[in-house]
Amino acid sequence: MSELSGDVKKSRKRWSTRRRVLSAVGIVVGALALLVGGGYIAVQAWIHTEFPRLDAETAEAGEWYSVHPDGAIDAAGKPYHANVRVGSENKVMVVFSGGGVSVDDYTEARPSTSALEMGFYTVLDGFDQLAKTGLADDDEDNPLRDWTVVQLPYSTGDFHAGAGSNEVTGVDSEPLTVHHAGFTNLELVLSDPDVRNVVGTPTELLVSGGSAGGFGAAIDTTAVMEYFPETENVTTFVDSSLLLYDWHSVSEDVWKSPPAISEVLSTDNFTLDALTALAEEDPSVKILFASSVRDESLARMQSYLSGGEFAVTAEDGVQYHDDLIEMVEQLQQQVPGIGLYIFQGDIDEATGLTQHTIGSNTRDELVDGTTPVEWIMDAIDGDVESYGLDLLQ
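Numbering-wise, my numbering comes out as the position in the sequence shown, counting from 1, plus 375.
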């Protein structure tokens, strides 16, 4: 069990008020959907549509399937599944999805368990359709559309790095077990016989993730590569994953991560530690990192982790910008040949805060006349470049 800090205790009242407001907003949104002619029903159908189960013998190229390994569970202990798109090319992309993080007893007890509920980390059923977004979308203009995709949904609050459980007290004052099985689930999915038959031995491997999923891509690439020992062309893409905290203690005490993960986390910068270790262990891996200049979502979470409110101000955006400058300098020193993509994206004119993750803008020219997917594809082909560094001046 992890201890509850004094700063976190002070934030309970603020968090409770904010949560009530957001829940009320969600109810209004749901009511509006119902008024627009079956919108609510359509949304529910979209949320709960699950892909058919993968059978490697009958699977067809271009189609999506679900994978349900025995023993894979979410934070609530319910069965967990991943999603796979069967590709027509001998290339594989492993995608880590995101959705918050849990770092202590207080956050452990406050997950988001429905689309209308605010929480620190997501534990949601459904949403398989989200697998078909970003770099994994099926649009004919996507150069990755014919790749096989293994998508790891996120419902364990542990940056896909956990391998145990934590006993805490829930908001109802009852005992609560939180299962941090992110890393365990990854291994179960990639060792599934049908997944093994579908992925084969690809000529190219891309490990990617955004937000919480980006932390997962950074720390888990080495483990993913163990399932593709003969694949030499490997690229790791981390999108919008910068948070400063005592991650070594969290990984050991809260997530119960394997020592191979927790031992890597020696500073307060999770992603810097993970990518530095990856570069040292296998210099042939091409490493990419992207971020907007004053990421609204990360600035909000950093405010909380630094002992403030789970809220965000213009000043928090400035602090994120300063942290990003320092991280970029460190990445350039410690990860030789790293490719960087710094962009602004959507911006709140009142606060200067910018968008979180590249998201669906993979084929938009966000900086220097270059799209994220062009930058990524060039790196896969051996041309690793950096863009947008002038935005950090």
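C-beta: ideal position from N, C-alpha, C; glycine also.
Computed from a predicted model, the values in this text were never measured in an experiment.
If you draw a straight line from the C-alpha of residue 658 to the C-alpha of residue 693, how long is it? Taking the straight line from one Cα to the other gives about 33 Å.
Helix, strand or coil at residue 736 [DSSP, three-state]: Secondary structure of residue 736 (DSSP, three-state): coil.
First and last residue of the uninterrupted beta strand (DSSP E) at residue 529: No beta strand (DSSP E) holds residue 529; DSSP gives it neither H nor E.
Give, in chain order, every unbroken run of the alpha helix (DSSP H) that is at least 4 residues long and sits entirely within the stretch 433-487. The stretch 433-487 contains these whole alpha helix (DSSP H) runs: 480-483.
Below 8 Å on the Cβ atoms is my contact criterion, and I expect residue 521 with residue 431 to pass it. Report the Cβ-Cβ distance as a whole number of Å. Not a contact, Cβ separation roughly 18 Å.
Return the bridge partner residues of residue 661 from the DSSP annotation. Per DSSP, 610.
For residue 606 and residue 752, what's the separation of their Cα atoms in angstroms? The straight-line gap from Cα to Cα measures roughly 17 Å.
Tell me whether the beta-carbon of residue 504 lies closer than 7 Å to the beta-carbon of residue 470. At a Cβ-Cβ threshold of 7 Å, residue 504 and residue 470 do not count as neighbours.
Local conformation of residue 617 per DSSP, three classes: DSSP places residue 617 outside both helix and strand once states are collapsed to three, so it counts as coil.
To the nearest angstrom, how far is it from the Cα of residue 759 to the Cα of residue 545? Whole-angstrom Cα-Cα distance: 47 Å.
Apart from the five residues on each side of it in sequence, which residues of its chain come closer than 6 Å, Cβ to Cβ, to residue 577? If we look at residue 577 and ignore the five residues flanking it on each side, its Cβ neighbours are 465, 466, 467 and 606.
May I have the straight-line CA-CA distance separating residue 656 from residue 459, to the nearest angstrom? Distance between the alpha carbons of residue 656 and residue 459 is about 28 Å.
Give the straight-line distance between the Cα atoms of residue 483 and residue 642, rounded to the nearest whole angstrom. Cα-Cα distance, rounded: 23 Å.
Nonlocal neighbours in the same chain, by C-beta distance under 6 Å from residue 452, ignoring five residues either side: Non-local C-beta neighbours of residue 452 in its own chain, meaning closer than 6 Å and more than five positions away in sequence, comprise 554, ordered along the chain.
Can residue 534 and residue 587 be called in contact, C-beta distance under 7 Å? Contact flag set, yes.
Please tell me whether, using a cut-off of 6 Å, the distance from the CB of residue 661 to the nearest non-hydrogen atom of the ligand GDP is below it. No copy of the ligand GDP occurs in the structure displayed, which carries no ligand at all.
The stretch 697-711 touching the stretch 725-745, judged by at least three CB pairs closer than 8 Å: Contact between the stretch 697-711 and the stretch 725-745 is not established, with fewer than three Cβ pairs separated by less than 8 Å.
Candidates 487, 689, 630 and 428: which alpha carbon is nearest residue 564's? When only C-alpha atoms are compared, the closest one is 428.
By how many angstroms is the C-alpha of residue 536 removed from the C-alpha of residue 598? Straight-line Cα distance between these residues: approximately 11 Å.
Straight-line Cα distance separating residue 668 from residue 764: Rounded to whole angstroms, the separation of the alpha carbons of residue 668 and residue 764 is 10 Å.
Is it buried or exposed for residue 557, if we count other Cβ within 10 angstroms and need 16 for buried? That one is buried.
Check whether the Cβ atoms of residue 596 and residue 582 sit closer than 7 Å, and answer yes or no. In this structure, residue 582 lies closer than 7 Å to residue 596 by Cβ.
Assigned exposure category for residue 514 - 16 Cβ within 10 Å defines buried: Exposed, because fewer than 16 other Cβ atoms sit within 10 Å of the Cβ of residue 514.
Can you tell me which of the three DSSP states residue 546 falls into? In the three-state DSSP reduction, residue 546 falls in the coil class, being neither helix nor strand.
Around the Cβ of residue 463, are there at least 16 other Cβ atoms within 10 angstroms (buried) or fewer (exposed)? It is exposed - the Cβ of residue 463 has fewer than 16 other Cβ atoms within 10 Å.
Assign residue 755 to one of three DSSP states: helix, strand, or coil. In the structure shown, the three-state DSSP call for residue 755 is helix.
Please name the residue, chosen from 524, 625 and 622, that lies closest to residue 575 on a Cα-to-Cα basis. The shortest C-alpha to C-alpha distance from residue 575 to any of 524, 625 and 622 is the one to 524.
Is DSSP giving residue 695 helix, strand or coil here? Reduced to three states, the DSSP call for residue 695 is helix.
Does DSSP put residue 678 in a helix, a strand or coil? It is helical.
Quick check on the burial criterion: 16 or more other C-beta atoms within 10 angstroms. Buried or exposed for residue 604? Residue 604 is classed as exposed because its beta carbon has fewer than 16 other beta carbons within 10 Å across all chains shown.
N- and C-terminal bounds of the alpha helix (DSSP H) containing residue 562: Note, residue 562: alpha helix (DSSP H), 557-565.
I'd like the list of long-range same chain contacts for residue 508, defined as Cβ closer than 7 Å, with 5 residues on each side in sequence excluded. Hits under 7 Å: 735.
Mind the definition here: the stretch 606-616 touches the stretch 624-637 only if three or more C-beta pairs lie below 8 Å; say whether that holds. Pairwise C-beta distances place the stretch 606-616 out of contact with the stretch 624-637, as fewer than three of them are shorter than 8 Å.
According to DSSP, is residue 713 helix, strand or coil? In this structure, residue 713 counts as coil in the three-state DSSP scheme.
In chain order, what residues of the same chain have a beta carbon less than 7 Å from the beta carbon of residue 743, not counting five sequence neighbours either side? Excluding positions up to five away in sequence, the list reads 762 and 763.
Helix, strand or coil: how does DSSP classify residue 523 here? Reduced to three states, the DSSP call for residue 523 is strand.
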